[in-house]
Amino acid sequence: MSESTHRGTLKIFLGYAAGVGKTYQMLDEAHKLKDEGVDIILGYFEPHGRKDTIAKAEGLEIISRRTIEYRGAMFGETDVEAILRRRPQVCVIDEFAHTNVPGSQHAKRWEDVQDLLNAGINVLTTMNVQHLESLNDQVWQFTGIRVRETIPDWVVKQADEVVMVDLPPQALLNRLMRGVVYTPEKARQAMENFFKESTLVALRELAIRQTAHEVDVRQSVQDETLNAGRGDENPDWHSSSRPRSSDRILILITEDPSSAALIRRGRRVADYLQAECLAVCVLRDGSLHEIPASQREAVEKHMKFARNLQIEPSVLRGEDVAQTLVDFARSHKVTQIFVARPQQKKWPMFFGQGLVERVVRLAQDIQVTIVAERRREQRTG
Amino acid sequence: MSTNRRPDPEQLLRQLQAEEQFYRRGRLKIFLGYAGGVGKSFRMLDEARRRRERGEDVVIGAIQLKVSPEVESLLQRMLVIPHRNVDGVPTMDVEAILRRHPQVCVVDGLAYDNPPASAHPKRWQDVEHLLSSGISVIATVNLQHIEERREQVEKITHKHVKETVPESFLRNADEIEIVDAPPDFCLQRGHDALLGNGTGLATSLPQQLSELREIALLLAADVVDYQLEAYLVRHGIEQLWGAHERILVCVSPYIDAAKMIASGRRNADRFHGELFVAHLNQPDITPEEKAVLERNLEQARVASARIETLDGEDASHAIMQFARGHGITQIFLANRMNNSWWDRIFGRPVEHLIRAAENIDVRVFPA
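In order, the protein sequences belong to chains A and B. Quick note on the numbering used here: the first sequence kicks off at 11 and runs consecutively. Quick note on the numbering used here: the second sequence kicks off at 3 and runs consecutively.
See below:
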């Protein structure tokens with residue numbers, strides 16, 4: 011563990027569903043650290059009424075939650091101030107993806123954790139793979155659930171370690187049936203929705219592959235920084251700001267709702283290819299203030315979303331969107347342009363007239379990726 | 003839609019046989035670790051303890067000679083079937099276990115060679131025997147003992163491993179659980195635990211351990227993918243999404259696809275996915291075109307892609323049918339501007355395919 015003057019280290023226990031044992035394993039590690047003489051506390055702990063998890067927390071110091079009143083109800087959130095005053099070496103924070111109640115200092119718990127890390131406190135935390143922003147569409151596609159509490163990929167990339175907490179789906183379902191995870195009523199509901207065996211198997215595979223990817227990324231970073239050293243002057247050594255390949259991806263942002271999925275996909279591909287990721291929005295004329303409000307709000311929402319994923323979007327002006335996009339790509343040495351695939355009914359009757367087809371025709375020396383809308387099909391099982 | 007996943011009669015028969023066997027056979031659960039000292043034995047014995055507490059009849063069939071204190075304390079509360087000495091070598095006593103016939107038998111370490119006089123040369127074959135006798139088995143194995151991964155692992159550890167288990171044995175397990183721990187944890191646990199497993203990893207660097215960890219995770223993902231596939235086939239479910247990237251590069255007799263195939267290989271590697279190369283069966287091509295196609299297919303072989311020849315009048319239809327049937331997530335193709343029979347009949351192929359490719363990303367390469 012690093013000294014308190016340095017940024018704290020972050021360790022994530024990654025699972026694929028509630029009940030695989032993330033919190034339990036994290037607490038197990040907390041006890042081991044405590045036995046080794048490490049000053050460790052529970053900053054936020056969510057046992058969901060599970061007996062073995064509650065028992066596992068015994069003997070560990072707990073910082074009480076801060077109570078926040080919202081619309082007449084009381085909510086308990088992480089008391090970041092109290093943890094900072096207490097200054098432990100290691101702080102355990104359950105459920106990394108949690109959204110704080112309005113009125114909290116930060117909107118997201120992962121932002122609370124940033125404060126702790128910046129103060130030099132090491133953090134252990136838990137999350138499920140479906141909370142990763144770039145996997146949002148894929149997860150929706152095979153669970154039918156749009157996960158709202160997401161964590162930007164760069165936050166996870168900052169973690170020093172990601173450990174997979176594994177449990178075979180059949181064992182998880184047994185646990186669910188024995189009432190270990192939820193109350194019987196909730197368990198029955200869960201098994202009809204999220205906890206279908208095929209869904210769990212797919213999520214598990216996603217989690218294993220994600221962990222392998224996290225290990226892989228850390229290896230190449232290790233290779234690179236062996237000699238260079240990991241200086242504090244470059245805290246985002248793992249982010250897109252230092253690509254390791256010559257690939258450069260450009261995403262076209264529009265007001266169309268498909269932009270969100272396009273940004274997520276572009277970001278994910280860029281991360282895997284260790285490529286730089288850019289985005290543009292092309293306005294036919296005037297500035298953002300002159301276009302209709304609904305359109306402007308949609309574009310601004312997508313640009314904000316891109317910034318959240320550490321992509322800085324540029325706003326361009328041009329009568330011909332395809333030409334403006336391709337010119338920008340060429341002048342910025344882009345190797346791959348990402349555009350969204352229009353809905354079936356929006357294709358023009360003649361070939362070569364739509365935006366996508368015009369981009370393909372113009373981008374003679376640049377690759378163009380047409381990102382499909384991930385639709386859900388009726389499935390059984 | 004695709005018929006690729008619909009079981010044929012032979013498959014149905016195999017399915018029935020498999021189901022029948024499923025009920026007679028014991029269930030196999032394997033704990034997979036990437037190195038000694040990650041805590042496989044502890045996790046397995048902890049599960050054995052929990053099963054016993056739930057009333058299952060559990061015995062220990064085989065255990066490592068050297069165990070950590072935590073494992074030792076778990077062992078004390080368990081029933082152990084003693085090893086049998088064969089020519090001075092302690093060996094799992096299969097006969098004694100069969101006579102005792104427990105519900106569950108614990109086998110710590112699958113990769114052991116039995117002495118020459120034994121019924122089976124390998125311990126995993128003993129386990130197979132227990133399973134077919136209706137005894138469930140929970141077992142551990144380390145990555146370096148998986149036959150198909152041995153070479154890859156030896157390049158990292160520089161240690162030769164003699165005793166192995168085939169990967170198919172892992173794939174056919176009912177459950178596989180990864181015991182994942184970051185490398186510093188294994189190193190912290192000291193040399194004893196590592197040496198006890200005879201892995202020779204005590205001297206490994208964190209970098210080496212992290213490479214092994216990645217291989218083990220990818221192996222587990224493959225096994226899980228295989229199981230998902232089997233599950234989908236069993237339940238007649240059409241897979242329309244992938245947890246796994248599958249890249250299909252479309253090649254033709256008209257354009258040199260070397261760059262595209264190389265990019266496909268690199269992308270498949272980065273995503274730890276699979277690479278397919280497909281071309282349309284076309285009888286009327288010139289010798290020059292045939293030579294281009296042959297070169298492309300040679301490139302595909304060099305890139306160890308799965309090569310497919312597609313039949314059909316409509317190229318984009320044939321490609322899409324193949325793509326849907328194989329869970330393809332990205333299609334790579336070249337944007338050809340010149341006029342050919344393909345273009346004349348179907349219009350610009352790229353545009354047709356883009357329009358047809360619902361649910362699949364299409365990446366167009368400059369030709």
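Beta carbons: idealized from backbone N, C-alpha and C, even for Gly. If you're wondering where the values come from, they're calculated on a predicted model, not measured in any experiment.
Item, Value
"Between L219(B) and chain A, is any beta-carbon pair separated by less than 8 angstroms?", "yes"
"Mind reading off the beta-carbon distance from K31(B) to E231(B)? Whole number of angstroms is fine, and I expect it under 8 angstroms.", "At roughly 20 angstroms, the Cβ-Cβ gap does not stay under 8 angstroms, so K31(B) and E231(B) are not in contact."
"Could you check which residue in A293(B), L277(B), D224(B) has the C-alpha nearest to that of D258(B)?", "A293(B)"
"Could you tell me whether the region 195 to 211 of chain A touches the region 23 to 36 of chain A, using the rule of 3 or more Cβ pairs below 8 angstroms?", "yes"
"Specify whether the region 130 to 143 of chain B and the region 33 to 43 of chain B touch according to this definition: at least 3 beta carbon pairs, one from each stretch, less than 8 angstroms apart.", "yes"
"Report the residues of the region 45 to 60 of chain B with a CB closer than 7 angstroms to any CB of chain A, ordered along the chain.", "none"
"Can you tell me which of the three DSSP states D257(A) falls into?", "coil"
"Roughly how many whole angstroms lie between the Cα atoms of Y114(B) and R125(B)?", "5 angstroms"
"Am I right that T135(A) and V123(A) are in contact with their C-beta atoms under 8 angstroms? What's the rounded C-beta distance?", "6 angstroms"
"Count Cβ pairs between the region 72 to 85 of chain A and the region 105 to 115 of chain A that sit closer than 8 angstroms; are there 3 or more?", "yes"
"So, at 6 angstroms on beta carbons, what are the nonlocal neighbours of L52(A) in its own chain, with the 5 sequence-adjacent residues on each side left out?", "L70, I72, V102"
"How big is the Cα-Cα spacing for R215(B) and Y34(A)?", "22 angstroms"
"Between the region 339 to 346 of chain A and the region 304 to 321 of chain A, can you find at least three pairs of beta-carbon atoms closer than 8 angstroms?", "no"
"Measure the alpha-carbon distance for N298(B) versus A260(B) and round it to whole angstroms.", "6 angstroms"
"Can you give the Cα-Cα distance for R393(A) and I259(A), rounded to whole angstroms?", "The requested residue 393(A) is not part of the displayed model; chain A covers only 11 to 391."
"At a Cβ threshold of 8 angstroms, is Q323(B) touching chain A?", "no"
"According to DSSP, what are the bridge partners of F278(B)?", "L250(B), R308(B)"
"Just verifying my parser: in three-state terms, what is the DSSP assignment at Y80(A)?", "strand"
"I'd like the span of the beta strand (DSSP E) that includes T136(A), first residue to last.", "132 to 138"
"When Cβ atoms are compared, which residues of the region 226 to 237 of chain B fall closer than 8 angstroms to chain A?", "V226, D227, Q229, L230, Y233, L234, H237"
"How about V251(B): is its C-beta nearer than 8 angstroms to some C-beta of chain A?", "no"
"Contact between the region 34 to 48 of chain A and the region 83 to 90 of chain A: three or more CB pairs below 8 angstroms?", "no"
"So, helix, strand or coil for T331(B), using DSSP?", "coil"
"Could you tell me which chain B residues have their CB closer than 7 angstroms to the CB of Q168(A), listed as they occur along the chain?", "What Q168(A) touches in chain B: nothing, since even the nearest Cβ is about 15 angstroms away."
"Is it right to say V82(B) is buried, meaning 16 or more other beta carbons lie within 10 angstroms of its own, or is it exposed?", "exposed"
"Answer with buried or exposed for I174(A), where buried requires no fewer than 16 other C-beta atoms within 10 angstroms of its C-beta.", "Looking at the sequence provided, one finds Met at residue 174(A) rather than Ile. Classification of M174(A): buried, given that the 10 Å Cβ count is 16 or more."
"State the Cα-Cα distance for the pair T331(B) and E195(A), rounded to the nearest angstrom.", "38 angstroms"
"How big is the Cα-Cα spacing for V253(B) and L295(B)?", "7 angstroms"
"Hey, could you find the ends of the beta strand (DSSP E) T93(B) is sitting in?", "91 to 93"
"So A270(B) is in the alpha helix (DSSP H); what residue range does that whole segment cover?", "260 to 272"
"Let me see if you follow: with CB-CB separation under 8 angstroms, is S208(A) close to chain B or not?", "yes"
"Of all the residues that make up the region 27 to 53 of chain A, which are near chain B by a beta-carbon distance shorter than 7 angstroms?", "none"
"Consider the Cβ of I392(A): report whether some Cβ of chain B lies at a distance smaller than 8 angstroms.", "This structure does not reach residue 392(A), given that chain A is present from 11 up to 391, and the question cannot be answered."
"So, helix, strand or coil for S138(B), using DSSP?", "strand"
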